[in-house]
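Numbering (this note's numbering), first residue to last: 1 to 402. Positions of the beta carbon are idealized from the N, C-alpha and C atoms, including for glycine. Read through the structure below, which is laid out as structure tokens, and then see the notes.
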């Protein structure tokens, strides 16, 4: 949580750790809780490919006797009833239920929703000539689209946005915000159980495997998917816009130059991936990894960001990655982000960026690049704000519809 971790030097910090410790570094979490940080690309691939040796079951942790009830990382590491900590065949069936429900999202419907909400948000700022693209755009658009896809009305989805962001930010409204999001999801699922309709919620409830899980478990998984789908997508939008506004390789793309939005988004997943460090995996027995002794019950924190910059894989980080999509930003193995969820996140982010650049073609930073501040999170990578200026323009036609 030091200054190097909270600014643009984070990539260099990962490399310094790699040079000092190799691909597996001993670190401490708040409260001097020991943990391994997996820095190496191949080592992270190995850990996530072996769920028998490196389990997602946090109940295996050998540090539980030393963890106080108010430990700040319990929401990220603690025992939870969601799909994130389910293992074995039960996880396979639960993941299939979620993936199938998401896979049925029509990509044209997804783009239409994303365009519509993007236009509405831009209508709210386009006449001013300035805006914060994080607070007023990136942190709103994914939640609106996801709520619509799951089955919420426009009004209900809009009401969820501040609560979802409060939950993710961990501020004073996090707990009541979480309770309100859970209550809204529970109400929606209860209504869909009685009267099925279009949307992911109905498909989750009426899947062939839905009888294997309680109503409460489906509520939990729907909450995980909305919250986990929103913030990384918001950061993907913000980080991509930052790259396009500050990097000379992408400056031309703002006016239709040689590097496209898709290329900028791909570059961000290598250089500033929204999901940086994820807890985690727990060793089921004593083992060796990267020449180090890992004891049964040890926690391994997965550093997707460090693995993407592994000097054994990317010796020259200044080289443009082009269309290489071998990044580990969505995880790997049976607990990786479901492929349909990745497609949905990409659809929302790409549409959001394209609509913004179409509507505000001369958008530019309102501050220096050095003045941009990253949120203080060890797990996610995103800007606290992105102040921009642009020529004021009229609102779109048809009340925000493209």
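*Output the distance between the C-alpha atoms of residue 60 and residue 348, rounded to the nearest integer angstrom.*
Going by the C-alpha atoms only, they are around 37 Å apart.
*asked:* Excluding the 5 residues flanking residue 355 on each side, which residues of the same chain have their C-beta closer than 8 Å to its C-beta?
replied: Here residue 355 has 114, 115, 118, 119, 122 and 402 as same chain residues with Cβ atoms under 8 Å from its own Cβ, once five neighbours each way along the sequence are excluded.
*asked:* According to DSSP, is residue 288 part of a helix, a strand, or is it coil?
replied: DSSP places residue 288 in strand when its eight states are reduced to three.
*Alpha carbon to alpha carbon, what distance is there between residue 2 and residue 106?*
Near 44 Å, if we compare the C-alpha coordinates of residue 2 and residue 106.
*Classify residue 277 as helix, strand or coil using the three-state DSSP reduction.*
Three-state DSSP puts residue 277 in a strand.
*Could you name the residues that DSSP lists as bridge partners for residue 54?*
Answer is 283.
*asked:* Just to confirm, is the Cβ distance from residue 201 to residue 150 under 8 Å?
replied: Contact flag set, yes.
*Is the distance from the Cβ of residue 184 to the Cβ of residue 146 below 8 Å?*
A distance of 8 Å or more separates the beta carbons of residue 184 and residue 146.
*asked:* Within a Cβ cutoff of 6 Å, which residues of the same chain sit near residue 257, ignoring the five residues on either side of it in sequence?
replied: With a pLDDT of 48 at residue 257, under the threshold of 50, the modelled position of that residue is not reliable, and no figure is offered here.
*Where DSSP assigns a beta bridge to residue 302, which residues make up the other side?*
Secondary-structure assignment with DSSP links residue 302 through a beta bridge to 38 and 278.
*Classification of residue 367 by the beta-carbon crowding that lies within 10 angstroms, buried from 16 upward*: Exposed, because fewer than 16 other Cβ atoms sit within 10 Å of the Cβ of residue 367.
*Following the continuous beta strand (DSSP E) through residue 26, name the residue where it begins and the one where it ends.*
In the DSSP assignment, residue 26 falls within the beta strand (DSSP E) that extends over 24-29.
*In three-state terms, what does DSSP make of residue 446?*
Residue 446 falls outside the range modelled here, since the chain spans only 1 to 402, and no answer is possible.
*Can you give the Cα-Cα distance for residue 357 and residue 364, rounded to whole angstroms?*
Whole-angstrom Cα-Cα distance: 10 Å.
*Where does residue 258 sit, in a helix, a strand or coil, going by DSSP?*
Bear in mind that a pLDDT of 43 at residue 258, under 50, signals an unreliable position, so the model cannot answer this.
*asked:* Let me make sure I understand the geometry here. Which of 234, 78 and 54 has the alpha-carbon closest to that of residue 64?
replied: Comparing alpha carbon positions, the residue from 234, 78 and 54 closest to residue 64 is 78.
*Own chain partners of residue 110 with C-beta closer than 6 Å, once the 5 adjacent residues on each side are dropped*: Apart from the 5 residues on each side of it in sequence, residue 110 sits with its Cβ closer than 6 Å to the Cβ of 347 in its chain, given in chain order.
*Do you know how far the Cα of residue 393 is from the Cα of residue 89?*
In a straight line, the C-alpha of residue 89 is about 54 Å away from that of residue 393.
*How long is the line joining the alpha carbons of residue 306 and residue 335, rounded to whole angstroms?*
Residue 306 and residue 335: Cα-Cα distance of roughly 19 Å.
*State the beta-bridge partners of residue 61 as determined by DSSP.*
When DSSP reads this structure, residue 61 sits in no beta bridge, so it has no partner.
*Could you tell me if residue 19 is buried or exposed, where buried requires 16 or more neighbouring beta carbons within 10 angstroms of its beta carbon?*
Residue 19 is exposed by the Cβ-count criterion.
*Alpha-carbon spacing of residue 312 relative to residue 25, whole angstroms*: Rounded to the nearest angstrom, the two C-alpha atoms are 16 Å apart.
*Go ahead and pull the three-state DSSP assignment for residue 374.*
Reduced to three states, the DSSP call for residue 374 is strand.
_So the candidates are 339, 369, 359 and 230; which of them puts its Cα closest to the Cα of residue 99?_
Per the Cα distances, 339.
*Looking at the structure shown, is residue 294 part of a helix, part of a strand, or coil, going by DSSP?*
Strand, per DSSP.
_Distance between residue 289 and residue 328 (C-alpha atoms, nearest Å)_ = In this model, residue 328 and residue 289 are separated by some 19 Å (Cα to Cα).
*What residues are listed by DSSP as bridge partners for residue 33?*
DSSP lists 29 as partners of residue 33.
_Three or more C-beta pairs under 8 Å: does that hold for the region 265-284 against the region 376-394?_
Contact between the region 265-284 and the region 376-394 is present: three or more C-beta pairs spanning the two stretches fall below 8 Å.
_Once DSSP output is grouped into helix, strand and coil, what is the label at residue 104?_
Three-state DSSP puts residue 104 in coil, outside helix and strand.
*Buried or exposed: residue 330, going by 16 or more other Cβ atoms within 10 Å of its Cβ?*
Answer is buried; the Cβ neighbour count reaches 16.
*Of all the options 91, 190 and 371, which has the alpha carbon lying nearest to the alpha carbon of residue 212?*
The shortest Cα separation from residue 212 among 91, 190 and 371 belongs to 91.
*asked:* Helix, strand or coil for residue 8? Go by DSSP, reduced to three states.
replied: Coil at residue 8, not helix or strand.
*Can you tell me the Cα-Cα spacing of residue 263 and residue 108, whole angstroms?*
When rounded, the separation of the alpha-carbon atoms in residue 263 and residue 108 is 21 Å.
*asked:* Count Cβ pairs between the region 216-232 and the region 122-133 that sit closer than 8 Å; are there 3 or more?
replied: No: fewer than three Cβ pairs fall under 8 Å.
_Cα-Cα separation, residue 234 to residue 141_ = Here the alpha carbon of residue 234 sits roughly 8 Å from the alpha carbon of residue 141.
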